[in-house]
Amino acid sequence: MTDGHWFLCFDLYGFRPMTAAHALPCIAIAGPTASGKTAAALALTERLAQRGQKAEIISVDSALVYKGMDIGTAKPTRDELAAVPHHLIDIIDPLQAYSAAEFVRDTQKLVDEIRARQAIPLLVGGTMLYFKALMDGLDDMPAANPDVRAMLDAQAAELGWPAMHARLAQVDSVTAARLAPGDSQRIQRALEVWHVSGQPLSSFHTTRKKTGPAEQMGLATLFSLEPAERAWLHQRIALRFDLMLEQGFLDEVRSLRARGDLHLDLPSMRCVGYRQAWEVLDALEADPGKPLDMAGLRERGIASTRQLAKRQITWLRSMPQRRAIACDAPSAQQQLLDAALAAIDAAQQAAG
Numbered sequence: 172m173t174d175g176h177w178f179l180c181f182d183l184y185g186f187r188p189m190t191a192a193h194a195l196p197c198i199a200i201a202g203p204t205a206s207g208k209t210a211a212a213l214a215l216t217e218r219l220a221q222r223g224q225k226a227e228i229i230s231v232d233s234a235l236v237y238k239g240m241d242i243g244t245a246k247p248t249r250d251e252l253a254a255v256p257h258h259l260i261d262i263i264d265p266l267q268a269y270s271a272a273e274f275v276r277d278t279q280k281l282v283d284e285i286r287a288r289q290a291i292p293l294l295v296g297g298t299m300l301y302f303k304a305l306m307d308g309l310d311d312m313p314a315a316n317p318d319v320r321a322m323l324d325a326q327a328a329e330l331g332w333p334a335m336h337a338r339l340a341q342v343d344s345v346t347a348a349r350l351a352p353g354d355s356q357r358i359q360r361a362l363e364v365w366h367v368s369g370q371p372l373s374s375f376h377t378t379r380k381k382t383g384p385a386e387q388m389g390l391a392t393l394f395s396l397e398p399a400e401r402a403w404l405h406q407r408i409a410l411r412f413d414l415m416l417e418q419g420f421l422d423e424v425r426s427l428r429a430r431g432d433l434h435l436d437l438p439s440m441r442c443v444g445y446r447q448a449w450e451v452l453d454a455l456e457a458d459p460g461k462p463l464d465m466a467g468l469r470e471r472g473i474a475s476t477r478q479l480a481k482r483q484i485t486w487l488r489s490m491p492q493r494r495a496i497a498c499d500a501p502s503a504q505q506q507l508l509d510a511a512l513a514a515i516d517a518a519q520q521a522a523g
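First residue of the sequence shown: 172, per this note's numbering; consecutive thereafter.
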C-alpha cells in the first residue's frame, strides 16, 4: 500500500480511516510509581526484537527529563538505556521547567521520527497530566507570566500558601476545592491564570476537546498497570526507596544543593523524595550538631511516594480509554505482552 491510501485500524477511538503512516501503531504503558512499567516495556521490546520488529521508548515522566537527578527518579540504568533507544530523558537542567504543552509537541515529533525509522513508538511512564494532554488535548490557557509569578511568590512569602489558597477560593472555588492548602505549585498557577486572563482556571476545563493528539498519532492501546491490592504497591515503594538510599540518593541531593542556584520552589525540586531530602539537609545545616534524621527522611519519603501513587491511580481510573491490568498478578507482565502484541498485529493486519 502506498502513502496516501487509506485503511481502517481499530484503536482507542474505534474503527476509522487512518493513513499508512500509522501502520506502526503507538502502544502506551501507564501506571503508578513502582508498578513495573519499565520492566514491562523492556520485556515488550525484547519480544518485538524476537519477531524482527524494532521499538523505541518515549518517557512519559516529568521527573526523568532532568539531568543529574538519577537515583531519586529511578531513572533507567545505563544498560537499559543502551539496550533500547529512549527519549525525553535527561533533556533539561533542574533549573528549567518543562510543560505538558512541550511534552505533547516533542512527543508528536518523536513519534513521526520513530516511525520513519520503521520502529514502534512505546509511550511509557506515570505522569498522568502528560497522558491526559495526549488523550484529551490541551486547553488554551494563558502562558506563564514571570512578573505575576514573582508577585504571587512575594505574597506567599509574606502570607503563606494556605492564605493564598483562601484567596483562590474567593475567585475560583472549583479549583480551590480540589487543591490542598499547601499545594503551592498549583495554587500559584491557578492564581496566575486568574490574574492574567480575568477568568478562573476551572473555566478553561469546561470546553475540553473530545479527542487529542493521541488520535492523530494512532495510539493503539493505553495499558494501565493498577494493583488489585494497595499493600503490594506500598511494599514495592518502600523497598525501592530503601534501595535509593543505599545507592546514594542523599548525596545526589547534596550535589544539587551545592550548585547554589536551585531551591524548593522549582518544579524539579518538588519531585517526590527530593523535597524531603532537601528539608532533612536544611535541618542539618541549621543545627550541625543534630544527627542526620535518616529515619524521618525514609518515613516522609515513602509516605509522599504512596500519596503520589494514590493520585496516579485516581487519574488512571478517570480514563475510560485505558485497558487495566492488575500489576500485582503473577502473570501481569505476560498479560500485557500478549495484549500489546495482539494490538500491534491487529493494526498491521488492518494496514495490509
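Backbone N, C-alpha and C fix where the C-beta goes; we use that ideal spot for every residue, glycine too. Everything numeric in this text was worked out from a predicted model, so none of it was measured.
Are there any heavy atoms of the ligand COA lying less than 8 Å away from the beta-carbon of residue i, as far as the coordinates show?
i, result
"E227", "The model depicted lacks the ligand COA and carries no ligand whatsoever."
Are there 16 or more other CB atoms within 10 angstroms of the CB of residue i, so buried, or fewer, so exposed?
i, result
"E417", "exposed"
"D343", "buried"
"T298", "buried"
"G207", "buried"
"G467", "exposed"
"M335", "buried"
"G431", "exposed"
"R477", "buried"
"T209", "buried"
"A457", "exposed"
"P333", "exposed"
"G239", "exposed"
"L410", "exposed"
"P491", "exposed"
"G419", "exposed"
"T248", "exposed"
What does a CB cutoff of less than 6 Å around residue i pick up in its chain, not counting 5 residues either side in sequence?
i, result
"M388", "C197 and V282"
"S230", "L259, I260 and G296"
"T244", "A234 and L235"
"W403", "D499"
Assuming residue i is part of the beta strand (DSSP E), what are its boundary residues?
i, result
"G296", "A290 to G296"
"S395", "L390 to E397"
"R494", "R494 to A497"
Whose CA, out of the options, lies closest to the CA of residue i?
i, options, result
"R407", "L512, R494 and D499", "D499"
"A212", "T248, T278, L266 and V295", "V295"
"R471", "S230, W449 and H257", "W449"
"I263", "D453, P438, A466 and A220", "P438"
"F302", "P501, Q279, R430 and R441", "Q279"
"R320", "A337, P352, Q356 and P384", "Q356"
"E423", "A210, I242 and A347", "I242"
"A429", "V443, D453, A409 and G444", "D453"
"G331", "V255, V443, Q359 and T346", "Q359"
"A328", "Y237, A514 and G353", "G353"
"L215", "V255, K246, P247 and L323", "V255"
"A304", "P371, P384 and L427", "P384"
"A340", "A325, P371, L323 and V367", "P371"
"V451", "C442, M465 and V443", "M465"
"V367", "A220, M322, P501 and I473", "M322"
"P501", "E386, P398 and L455", "P398"
"A348", "L390, S373 and A522", "S373"
Counting along the chain, where does the alpha helix (DSSP H) carrying residue i start and finish?
i, result
"T476", "M465 to R488"
"S230", "Run containing S230: none in the alpha helix (DSSP H); it sits in the beta strand (DSSP E), K225 to V231."
"R276", "A271 to A287"
"A514", "A503 to A522"
"I408", "R401 to Q418"
"I198", "Element bounds for I198: not the alpha helix (DSSP H) but the beta strand (DSSP E), C197 to A201."
"F302", "M299 to D307"
"R222", "Segment: none, R222 is in no alpha helix (DSSP H) and carries neither H nor E."
"S368", "S355 to S368"
"L266", "First-last for L266: undefined, no H or E at that position."
Counting only the same chain and skipping the five closest in sequence on each side, list residues whose C-beta sits under 7 Å from that of residue i.
i, result
"Q519", "A194"
"A192", "For A192, the pLDDT reaches just 41, beneath the cut-off of 50, and the residue's location in the model is therefore unreliable, although a value from the coordinates is still provided. Counting only Cβ-Cβ distances below 7 Å, and skipping sequence neighbours, we find R286."
"L512", "R218"
"M232", "The sequence shown places Asp at residue 232, not Met. So the list reads G296, G297 and T298, once near-sequence residues are dropped."
"A268", "P438"
Got a sec? Which residues, its chain only, sit under 8 Å from residue i by beta carbon, not counting five neighbours each side?
i, result
"R379", "The pLDDT assigned to R379 is 49, lower than 50, so where the model puts this residue is not dependable, and the model offers no usable value."
"R446", "L435, M440 and S475"
"R493", "A201, L393, F394, S395 and L487"
"R469", "F412, D413 and L416"
"A425", "In the sequence under discussion, the amino acid at residue 425 is Arg, which differs from the Ala named in the question. So the qualifying residues of the chain are L452."
Does residue i come within less than 9 Å of chain C when only Cβ atoms are used?
i, result
"L195", "Considering every chain present, this structure includes no chain C. It has just one protein chain."
Query raised in the report: Any contact of the segment 269 to 286 with the segment 451 to 468, i.e. 3+ C-beta pairs under 8 Å?
Result: No contact exists between the segment 269 to 286 and the segment 451 to 468.
Report task. Assess, as a yes-or-no matter, whether the segment 225 to 237 is touched by the segment 287 to 294 under the definition of 3 or more beta carbon pairs within less than 8 Å. Result -> Contact annotation: the segment 287 to 294 touches the segment 225 to 237, with at least three C-beta pairs closer than 8 Å.
Query raised in the report: Is it a yes or a no for the segment 357 to 368 touching the segment 309 to 323, going by three-plus beta-carbon pairs under 8 Å?
Result: Segments in contact, yes.
Query raised in the report: Any chance the segment 476 to 493 sits against the segment 201 to 212, with 3 or more Cβ pairs inside 8 Å?
Result: As far as the Cβ criterion goes, the segment 476 to 493 touches the segment 201 to 212, which means the pair count is three or higher.
**Report entry** Three or more C-beta pairs below 8 Å linking the segment 507 to 517 and the segment 394 to 411
**Finding:** yes
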